[in-house]
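Following: one structure in structure tokens, then a few remarks.
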Ligand SMILES: Nc1ncnc2c1ncn2[C@@H]1O[C@H](COP(=O)(O)OP(=O)(O)OP(=O)(O)O)[C@@H](O)[C@H]1O
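Numbering (our numbering), first residue to last: 638 to 971.
Written as structure tokens, this is what we have:
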């Protein structure tokens, strides 16, 4: 595995490192035991969400990974390298970090902000400029239009995108994100989440993202780690497994009574579980595409007032679903 930051790969290069936390602990000087003992593995290219109530140690865990906070004990591996003892400054150049409100430098242009780490790494100017423009394109900002602006000349969502571009600039092997979308309104937030998923499909970084928003966790996470006080790992699972079978009373309460609905969001429409089309159906029933979710299908039924719909693939009807069937899909097993 190549983890040197000095050799920038083209955007889309799948360079990512796994992260392993082995029994990490953090006791602050005032005696607070923010994280008692946590072990967690994140696979290369995986997006893992840390979620839990306020003060349970999420940010502390995240900041121990890039050593903004020194663990009291325990080991942290990046790929097969123990980074507990490496120079934190060097380490941070291999780890992108995105925080709420972004923390852009206000007196620097968008281009200069995104070029921060390449500048520290002394990349040649032409190479840096090309990389910065490529990244701005990747996060959906036209470099010609936005490159010369200052942060105060951007919307909250645009600033957030610059923050993501800056974190990706030196092609880090890991991206850490602390409440990255919480400073924008819900509509912008949903759009940013969607764009972010598209971006991740392209760059395939290893991402650890902290949020207190369960819907965000379910939408973004390949796996979700639910933490309780003291950084105690209650459950580490896919969104569907977490919602379908909460492992502890804490998780059950945390995911709440509406987990059935949330579960529908992560339940794909499976061709094999569709009812066959009857002769009468395809004409006037509402439709939903096969690549939608059970939640999308339920939404279509509720707005149309019907109790049956047709599922289409590339516009062609492939089967039908009843409202009851969809409700059964959302019924949790745990
Ligand atoms: N520098 C510090 N000194 C002492 N205690 C701290 C320090 N930073 C955090 N803590 C305490 O450690 C615990 C975990 O804090 P942390 O910020 O990691 O939680 P969090 O889960 O990210 O919370 P939130 O969701 O509210 O941001 C809390 O009890 C907090 O008060």
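Backbone N, C-alpha and C define an ideal beta-carbon position, used for all residues, glycine too.
Please read these numbers as outputs of a predicted model, since none were measured by experiment.
Partner residues in the beta bridge of residue 670, as assigned by DSSP, are 664. Cβ atoms of residue 799 and residue 778 come within 8 Å of each other, at about 7 Å. In its chain, beyond the 5 residues on either side, 704, 713, 714 and 728 have a beta carbon closer than 8 Å to the beta carbon of residue 720. Between the alpha carbons of residue 657 and residue 839 lies a gap of roughly 23 Å.
Taking residue 891 as the centre and dropping the five residues before and after it, the same chain places the C-beta of 863 closer than 7 Å to its C-beta, in chain order. For residue 718, DSSP records a beta bridge to 715. Residue 933: not part of any beta strand (DSSP E); member of the alpha helix (DSSP H) spanning 931 to 941, first to last residue. Taking non-hydrogen atoms of ligand 1 into account, the C-beta of residue 667 is found less than 7 Å away from one of them. Beta-bridge annotation (DSSP): residue 869 is paired with 865. Taking a 10 Å sphere around the C-beta of residue 948, we find 16 or more other C-beta atoms and assign the residue as buried.
With a cutoff of 7 Å, residue 838 does not count as near ligand 1, since its C-beta is closer than that to no heavy atom of the ligand. Across the set 866, 905 and 961, the C-alpha of 866 shows the shortest separation from the C-alpha of residue 670. Per DSSP, the beta bridge partners of residue 814 are 735 and 846. Using a Cβ-Cβ distance cut-off of 8 Å, the region 954 to 962 and the region 907 to 915 are in contact, since at least three pairs of beta carbons, one from each stretch, lie closer than that value. Secondary structure at residue 706: coil, using DSSP grouped into helix, strand and coil.
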